[in-house]
Amino acid sequence: MSAKKTSSAPARSAKKAAAPAPAASTDGVAPTDIPTPEAPAEQDALPLFSELGLSEPIQQAIDEMGYRHPTPIQAQAIPYVLMGRDVLGVAQTGTGKTASFTLPMLEILSGSRARARMPRSLILEPTRELALQVAENFVNYGKHLKLTHALLIGGESMAEQKEVLNRGVDVLIATPGRLIDLFERGGLLLTQTRLLVIDEADRMLDMGFIPDIEKIVNMLSPLRQTLFFSATMAPEIRRLADMFLNNPKEITVSRPSSVASTIVTGLAIVDAKEKRRALRKLLRAADMQNAIVFCNRKRDVDVLCKSLIKHGFSAGALHGDLAQSLRFSTLEAFKTGELKILVCSDIAARGIDIGGLSHVFNFDVPFHAEDYVHRIGRTGRAGRTGHAYTLATPDEEALVQAIEKLTGKPIPRIEIPGVETLEWSDEPRGNGRRKPARKGSAATPAPQQEAPAAPAVAAEDATPAPRKPRRAQGGTAGGPSAAPSPRRDSGLLPAAPDQPVTGFGSDVPAFMQLPRREKSVIPANE
DNA sequence: AAAAAAC
1 MSAKKTSSAP ARSAKKAAAP APAASTDGVA PTDIPTPEAP AEQDALPLFS
51 ELGLSEPIQQ AIDEMGYRHP TPIQAQAIPY VLMGRDVLGV AQTGTGKTAS
101 FTLPMLEILS GSRARARMPR SLILEPTREL ALQVAENFVN YGKHLKLTHA
151 LLIGGESMAE QKEVLNRGVD VLIATPGRLI DLFERGGLLL TQTRLLVIDE
201 ADRMLDMGFI PDIEKIVNML SPLRQTLFFS ATMAPEIRRL ADMFLNNPKE
251 ITVSRPSSVA STIVTGLAIV DAKEKRRALR KLLRAADMQN AIVFCNRKRD
301 VDVLCKSLIK HGFSAGALHG DLAQSLRFST LEAFKTGELK ILVCSDIAAR
351 GIDIGGLSHV FNFDVPFHAE DYVHRIGRTG RAGRTGHAYT LATPDEEALV
401 QAIEKLTGKP IPRIEIPGVE TLEWSDEPRG NGRRKPARKG SAATPAPQQE
451 APAAPAVAAE DATPAPRKPR RAQGGTAGGP SAAPSPRRDS GLLPAAPDQP
501 VTGFGSDVPA FMQLPRREKS VIPANE
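Straight run, no breaks: the first sequence in full-length UniProt numbering ends on number 526.
What follows is the structure in structure tokens.
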């Protein structure tokens, strides 16, 4: 293609030897957007990156990262982007979406240089973490090019960002709030921005960003190329696409609200007060590399994270109330494996791409069924088996039903050894009583999927804990009732030595025997 | 109901 220096061997600055080793996701840096470097047998049939029309420096970076075959969205989108067409991509993260725009953007931009305060391209992301992830993508694939990029996000010094902009950037990666702020202060000109990416449009919509996006789009020249990505194509999204795009090439690579078949799921109904203990059992039982634990509330993220740390787990918290520097450093520590468990709000439910994530736990049933799909979609990537287990309380039947309706399949019920399994309460909500709990919940006795009832141990009929009257918690035990203040950590169950998880001794579920690196995730504490 | 995003 165009004339670029075929950098002989520029700083392989990456911390890891940039060897051709295909170690895709152990890398942690999450360019895992591009799955499966080497497909064993049938790879002849697959397209190659080298056929996509990317020039040498970019191809070299791809090679060095060990990727040979583009994913479907990459194979389909890249040629059109290079042609200058608008693209409407319906794809979720994990399908290789990010690289499907970063790679051709690098190609297009590599022809010329940036001018002061006039970014040549703009990428809009709904969260700061996603913005960072895209920036990493540019670092990885652009390492043999001399292009510059800047991250324009809230929570960090504006002075610094301004300075970078003043020097001129090729790629500006931004969250809407800060971008508009800076624009209104006159620190930014978008008149020369001819390439616009609107990523995660459905999420932008959910988050109420659309007016901001419209405002931003109006700052740009109509003579621009626009790439628009969304995980779903609801009518509202379609309307937006019609508004922003010009004769787009439409590419769809995944159906919305589908649960990847590589994810083994399970759900346990337990008392609210037992959740932390139940989670610990699951964390210890599972032979996992790393896990994300989702909570519905920021406050609960903090409480749970502290609790886990207190119990000897390697855990960190992530939600929007934490300082930006902490957010990034926690995420980085998790990606590098320094932290094994990331406890977070829905900030990380979508888009965040962490290579080789083995487990997702829903400490709370998400309020919206689609969020369930997004959350558990963090695992089971790139053809690898992932595990997603959910803890529900007896009054959450409706939420679970909504999920099962959306995904079209029931979540197999599991039991957790040593933790009492309850049933759905008849009462709509929070109203005391429940059906007399029976063991071996009739709810969904026979897992209809291939043995997903992994951590369940049917034999565990000896569930010790005598049934306590649920909801008796009102006064004591730090009941969730009042307590708006961060609940004291001592609300934890006394560190009564959890009984060793039984049931894995003689009957180890098949998925746990899959080859994984043998480091044990969790300090076998206590 | 909750979460995210600007100062």
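The beta-carbon is built from N, C-alpha and C at its ideal position, and this holds for glycine as well.
All figures in this text were calculated on a predicted structure; none of them were measured in a lab.
- In terms of CA proximity to Leu326, Glu156 leads the group Glu156, Thr148, Asp300, His144.
- One Cα belongs to Thr191, the other to Phe294, and the distance between them is close to 41 Å.
- Checking the DSSP bridge columns, you'll see Ala388 partnered with Thr265, Val360.
- Linking Glu236 to Phe363 through their CA atoms gives a straight-line distance of about 31 Å.
- Counting only residues of its own chain and dropping the five nearest sequence neighbours on each side, Ile292 has a CB closer than 6 Å to the CB of Leu342, Val360, Arg378.
- DSSP, read as helix, strand or coil, puts Arg115 in strand.
- Measuring C-alpha to C-alpha distances from Ala135 to each of Thr393, Val169, Thr262 identifies Val169 as the nearest.
- His374 carries a helical assignment under DSSP once its states are collapsed to helix, strand and coil.
- Each residue's CA atom was taken as its position, placing Lys409 and Thr390 some 15 Å apart.
- If you look at Ala234, you'll find it isn't in any alpha helix (DSSP H); DSSP assigns it neither H nor E.
- A distance below 6 Å between beta-carbons, with the five flanking residues on each side excluded, links Ala75 to the following residues of its chain, in chain order: Pro47.
- Around the beta carbon of Asp300, 16 or more other beta carbons lie within 10 angstroms, which makes this residue buried.
- Thr193 is not a Cβ neighbour of Leu282, given a cutoff of 7 Å.
- The C-beta distance from Gly356 to Leu130 rounds to 19 Å, too long to fall under 8 Å, and the pair is not in contact.
- For Leu342, the uninterrupted beta strand (DSSP E) run begins and ends at 341-344, by DSSP.
- Following the DSSP letters along the chain, one finds Phe101 inside the alpha helix (DSSP H) bounded by residues 97-109.
- Between Ala369 and Ala402, the C-beta gap is smaller than 7 Å, which places the two residues in contact.
- Where Val87 is concerned, the enclosing beta strand (DSSP E) starts and stops at 87-90.
- Scanning its chain for C-beta atoms nearer than 8 Å, with the 5 sequence neighbours on each side dropped, one finds around Val419 the residues Ala268, Val270, Glu274, Arg277, Ala278, Lys281, Thr463, Ala465, in chain order.
- Bounds of the beta strand (DSSP E) holding Lys249 are 249-252.
- Beyond the five residues adjoining it in sequence on each side, Lys143 comes within less than 6 Å, by CB distance, of Ala61 in the same chain, given in chain order.
- Taking C-beta separations shorter than 6 Å and ignoring five residues to either side along the sequence, the partners of Phe49 in its chain run Ile62, Pro70, following chain order.
- Within a 10 Å sphere around the beta-carbon of Ser221 sit fewer than 16 other beta-carbons, which makes this residue exposed.
- Around the beta carbon of Asp426, fewer than 16 other beta carbons lie within 10 angstroms, which makes this residue exposed.
- Per DSSP, the continuous alpha helix (DSSP H) segment holding Ile73 begins and ends at 72-83.
- In this structure, Ile73 lies near Gly96, with their beta-carbon atoms less than 7 Å apart.
- Taken through DSSP and simplified to helix, strand or coil, Gly316 comes out as strand.
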